[in-house]
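Below is one structure, written out as structure tokens, with a few remarks after it.
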Amino acid sequence: MSNSPNGTQPPNPLSPPTRGANYLRVIATFCRNSLIRDMSFRADFILQCISSMSWAVMNFMLFKIIYRFTDSIGRDTGWGEYEFFVFLGTIWIINSLIQTFFMQNFDEFSDLIRTGNLDFALLKPIDTQILISFPRTNWSQLANGALGVALVIYSVTKLLDEPEKHLQLSVFTVLGFILFILCGVAVMYSVMLALASTSIWLGRNQNLYDFWFYITNFYRYPMEIYQRSGVGWALWGTFTFVIPVLVVSNIPARVLAQPLGTPWKWWEWSLAGFAIVAAVLSLLASRWVFLMALRSYRSASS
Amino acid sequence: MLAKALTWWTFFQIALNERLVYRGDFMLGTLMRFLPTLTQIFLWWAIYDVISSRPDQNLDGEIAGYRYGDMVAYYLMVTITRAFSSMPGLTSGVAKQIRSGEIKKFLIQPVDMIGCLLVQRVAHKLVYYLIAALPFALVFFLCRGFFLNGWPAPDAMLVFFLSLLLSFLLGFFIEICLGLVSFWFLEVASLGFIYMLLNFLLSGHMFPLELLPDSPINLRAAVDWLPLKYLAYFSTAVFLGKLSPEEMWRGLAIEAAWVVFFIVLARWMWSRGIRRYSAFGG
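Here the protein sequences come in this chain order: Y and F. Residue numbering for the first sequence is 1 to 302, as defined by the working numbering. Residue numbering for the second sequence is 1001 to 1282, as defined by the working numbering.
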């Protein structure tokens, strides 16, 4: 970038750009534009916030009711009421991040393929994956995430009030929580990108939101519930190692809620390490699937 | 009379064929629909595990009268009752037709809109049962062990089938009424959403209604006064033998009364609505 000596002049658009900074600027512009658009339909925006939050509240009520009858989910798993609410809040945060930044874009990506409008995206001098992942930010979905943060904070305070839980909090647990949330978002992003890419081959016009619903179904509960019987272990293995969505919710929630206390057992450490590996591998794998799919893309219509 | 029947038959056939186009997608979609039930099975398994390991709690391994098998059977049966009572896209469809002025065609043709929609829905549902029968049979065969009481008694079976038919009509006419509200208000999406939410929570779709708390608000008693419980809970409870013969027949009568109420309401709204309708759009 050719900065002028006095430093006040805006960067020359014709000068060779630093790529990373430019990509960030493009993404920021996308986010800003979406926010402006959302804010011009304010009543609708508020309604959407309320509607997405009310599903979350219903989910919360279901477990409030369940915990009137039981004091933990699974025997000796440590997922008592407030541990589980940390888990629930974690899911809301991850869901809301994916739905805010990516879901609508992936849904529109399938449309781009069907209508042939992907041509225009391919022509632009920017990485196509970035271009199709970020154009529209659905800010109203962030309401759920805020609710999730509130639930996590509330439940953690409750756990801290119970001395027999021995909950250990430090800067590292909080940072770890954030890190593993980001890993989770990376995994979910990759799964959805790969699924959306398959519509280049399959020409499927089935709703991506359906897939989202079915996949998130498996990470909604602590993984311990699957660790029994043949079918259960098969599900656990599939959704841990093949499509690693179980680590997405379980690891960050474990970091904060510490259902089995501290220090962690060896398998908890291994799963946490695996979560990071899984995040990196899924990003790479989904990028590969995306590029392969683009290669088979033939434009549609005129 | 014959001409009229022929008209309805034609409407029925068109809707039938419309639906048969996507049968492959449909069958797969139906199997996918049981995935949430699969996770429910594991969730409740873990919960009942805890409860049965604590005999001191005086629960006998039951939650609100449901053993583990009953609970899973409940969720499985709800998928059947929901297959009758759920009407995806009906409210929004009616609202869209009113808003866009499409209902003009029903005002100038000697065809009744509600009747036409009903015939279409029946056709869609029939196709759905035809195609979904196979995946449903497979899942229920695999899960037969959860039905601890086996098949219900003949009279319960009769009430079950009758209540399913009524729940179809009830679901249909409630959603028609919601859609017809758009004669008065342009925007009914939020109304439809509220309905969906209440339906999910208070019809027994989310969990057996016995689990609802009776304090601070006595929700368990409140749902008896609402038509919602006939959309999922009632038929299921009948099948699982949760109700005495007397309760069963009384429930069926109340359900029928609700159906009549919503038919009359829909008729009344329609006749009032078209009077103030101003036919926007082309």
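Ideal Cβ placement from N, Cα and C applies to all residues, glycine included.
Could you tell me if Leu1006 of chain F is buried or exposed, where buried requires 16 or more neighbouring beta carbons within 10 angstroms of its beta carbon?
Your numbering for residue 1006 of chain F matches position 6 in the second sequence. So Leu1006 of chain F ends up on the exposed side.
According to DSSP, is Ile1047 of chain F part of a helix, a strand, or is it coil?
Taking the second sequence and counting its residues from 1, one reaches residue 1047 of chain F at position 47. DSSP places Ile1047 of chain F in helix when its eight states are reduced to three.
C-alpha gap between Phe1012 of chain F and Leu1020 of chain F, whole angstroms
Position 12 of the second sequence, counting from 1, holds the residue named residue 1012 of chain F. Position 20 of the second sequence, counting from 1, holds the residue named residue 1020 of chain F. Each residue's Cα considered, the two are about 13 Å apart.
Restricting to Cα atoms, I'd like to know which of Y:Val247, Y:Asp210, Y:Asp119 is closest to Tyr297 of chain Y.
To locate residue 297 of chain Y, count along the first sequence from 1; it is residue 297. Here the closest residue by C-alpha is Y:Asp119.
Tyr1233 of chain F - DSSP class collapsed to helix/strand/coil:
Residue mapping note: residue 1233 of chain F aligns to position 233 of the second sequence, counting from 1. Helix.
Going by CA-CA distance only, name the one from F:Leu1170, F:Phe1042, F:Ser1053, F:Ala1015 that's closest to Leu1265 of chain F.
The residue you call residue 1265 of chain F lines up with position 265 of the second sequence. That would be F:Leu1170, whose Cα lies nearest to the Cα of Leu1265 of chain F.
For chain F, is any of its Cβ atoms less than 8 Å away from the one on Phe218 of chain Y?
Stepping through the first sequence from its first residue, residue 218 of chain Y is reached at position 218. Chain F contact via Cβ: present.
Cβ of Trp1045 of chain F within 8 Å of any chain Y Cβ
For the purposes of this step, residue 1045 of chain F is identified with residue 45 of the second sequence, where counting begins at 1. True, the Cβ-Cβ gap to chain Y drops below 8 Å.
Beta-carbon neighbours of Tyr82 of chain Y, restricted to chain F and to distances below 8 Å:
Here residue 82 of chain Y refers to the residue found at position 82 of the first sequence. Near Tyr82 of chain Y there are no residues of chain F at all, since even the closest Cβ is about 16 Å away, more than 8 Å.
Quick check: is the beta carbon of Thr1039 of chain F nearer than 8 Å to any beta carbon in chain Y?
Within the second sequence, the letter at position 39 stands for residue 1039 of chain F. Yes, because at least one Cβ of chain Y sits closer than 8 Å to the Cβ of Thr1039 of chain F.
Is the segment 1078-1086 of chain F touching the segment 1229-1237 of chain F in the sense that three or more CB pairs, one from each, lie closer than 8 Å?
yes
On the three-pair Cβ rule with 8 Å, is the segment 26-45 of chain Y touching the segment 1189-1205 of chain F?
no
Would you identify the three-state DSSP class for Ile1131 of chain F, choosing helix, strand or coil?
The count along the second sequence starts at 1 and reaches residue 1131 of chain F at position 131. If DSSP states are grouped into helix, strand and coil, Ile1131 of chain F belongs with the helices.
Below 9 Å on C-beta distance, what does Phe1207 of chain F contact in chain Y?
As a working mapping, residue 1207 of chain F is identified with position 207 in the second sequence. Result: Leu62, Ile65, Ile66.
Chain F contact residues for Gly232 of chain Y, given Cβ-Cβ distances below 7 Å
Within the first sequence, numbered from 1, the residue matching residue 232 of chain Y stands at position 232. The contacting residues are Phe1042.
Any Cβ of chain F within less than 8 Å of the Cβ of Arg75 of chain Y?
Counting from one through the first sequence, the residue named residue 75 of chain Y turns up at place 75. Chain F contact via Cβ: present.
Distance, Cα to Cα, Arg19 of chain Y vs Asp127 of chain Y?
Taking the first sequence and counting its residues from 1, the one referred to as residue 19 of chain Y is at position 19. Taking the first sequence and counting its residues from 1, the one referred to as residue 127 of chain Y is at position 127. Their Cα atoms are separated by approximately 10 Å.
Mapping the DSSP letters down to three states, classify Tyr1066 of chain F as helix, strand or coil.
As a first step, residue 1066 of chain F is located in the second sequence; it is residue number 66 there, counting from the start. Strand.
Around the Cβ of Met58 of chain Y, are there at least 16 other Cβ atoms within 10 angstroms (buried) or fewer (exposed)?
Position 58 of the first sequence, counting from 1, holds the residue named residue 58 of chain Y. With fewer than 16 Cβ atoms within 10 Å of its Cβ, Met58 of chain Y is classed as exposed.
Let me know the secondary structure DSSP gives Asn144 of chain Y once reduced to three states.
Start at 1 with the first residue of the first sequence, and residue 144 of chain Y comes out as number 144. Helix.
Mind checking if Val1072 of chain F is an interface residue toward chain Y, Cβ cutoff 8 Å exclusive?
Numbered from its first residue, the second sequence carries residue 1072 of chain F at position 72. Chain Y, which has no Cβ nearer than 8 Å to the Cβ of Val1072 of chain F, makes this no.
Residue ranges of each alpha helix (DSSP H) run of no fewer than 4 residues wholly in the segment 1091-1121 of chain F, ordered along the chain?
1104-1108
Are the CB atoms of Ser190 of chain Y and Ile94 of chain Y nearer to each other than 8 Å?
Looking up residue 190 of chain Y in the first sequence gives position 190. Looking up residue 94 of chain Y in the first sequence gives position 94. No, they are not a contact pair.
Count the other CB atoms within 10 Å of the CB of Glu83 of chain Y; is the residue buried (16 or more) or exposed (fewer)?
Position 83 of the first sequence, counting from 1, holds the residue named residue 83 of chain Y. Glu83 of chain Y comes out buried.
Looking only at its chain, what residues have a beta carbon closer than 6 Å to the beta carbon of Leu159 of chain Y, apart from the 5 residues adjacent to it on each side?
Against the first sequence, residue 159 of chain Y aligns to sequence position 159. Hits under 6 Å: Tyr82, Lys165, Leu167.
Would you mind sorting Trp236 of chain Y into buried or exposed? The rule is 16 or more other CB atoms within 10 Å of its CB.
What you label residue 236 of chain Y is simply residue 236 of the first sequence in a count that begins at 1. Looking at its Cβ environment, which holds 16 or more other Cβ atoms inside 10 Å, Trp236 of chain Y is buried.
Same chain only: Cβ atoms within 7 Å of Ser1155 of chain F, ignoring 5 sequence neighbours per side
Locating residue 1155 of chain F in the second sequence gives position 155, counting from the first residue. In the sequence as presented, Ser is not what sits at residue 1155 of chain F; that position holds Asp. Within the same chain, Asp1155 of chain F has close Cβ partners Pro1245.
At 9 Å on the CB atoms, spell out the chain F contacts of Leu147 of chain Y, in chain order.
As a first step, residue 147 of chain Y must be located in the first sequence, where it is residue number 147. None at all; the shortest Cβ gap to chain F is about 16 Å.
Give the secondary structure of Ile73 of chain Y by DSSP, where H, G and I count as helix, E and B as strand, and everything else as coil.
Sequence index remark: in the first sequence, residue 73 of chain Y carries index 73 (1-based). Of the three classes helix, strand and coil, the one that applies to Ile73 of chain Y here is coil, per DSSP.
Among residues of its own chain, excluding the 5 on either side of Thr262 of chain Y, which ones have a beta-carbon nearer than 6 Å to its beta-carbon?
The residue given as residue 262 of chain Y occupies position 262 in the first sequence. Gln168, listed in sequence order.
Considering Leu195 of chain Y, what are the terminal residues of the alpha helix (DSSP H) in which it resides?
Residue mapping note: residue 195 of chain Y aligns to position 195 of the first sequence, counting from 1. From DSSP, the alpha helix (DSSP H) with Leu195 of chain Y extends over 171-202.
Taking buried to mean at least 16 other C-beta atoms within 10 Å of its own C-beta, is Asn22 of chain Y buried or exposed?
Reading the first sequence from its first residue, position 22 is the one you call residue 22 of chain Y. Looking at its Cβ environment, which holds fewer than 16 other Cβ atoms inside 10 Å, Asn22 of chain Y is exposed.
Determine the closest residue to Leu1118 of chain F out of F:Pro1227, F:Phe1042, F:Gly1093, with distance taken between C-alpha atoms.
For the purposes of this step, residue 1118 of chain F is taken as residue 118 along the second sequence, with counting starting at 1. Closest option to Leu1118 of chain F, Cα to Cα, is F:Gly1093.
Comparing alpha-carbon positions, which option in F:Leu1197, F:Tyr1074, F:Val1050 lies nearest Thr1037 of chain F?
Residue 1037 of chain F sits at position 37 when you count from the first residue of the second sequence. When each option's Cα is compared against that of Thr1037 of chain F, the closest is F:Tyr1074.
When DSSP labels each residue in this structure, what does Gly304 of chain Y get in the three-state scheme?
No information on residue 304 of chain Y is available, as it lies outside the stretch 1 to 302 that chain Y covers here.
Alpha carbon to alpha carbon, how far is Tyr1048 of chain F from Ile1098 of chain F?
Stepping through the second sequence from its first residue, residue 1048 of chain F is reached at position 48. Stepping through the second sequence from its first residue, residue 1098 of chain F is reached at position 98. Each residue's alpha carbon lies about 49 Å from the other.
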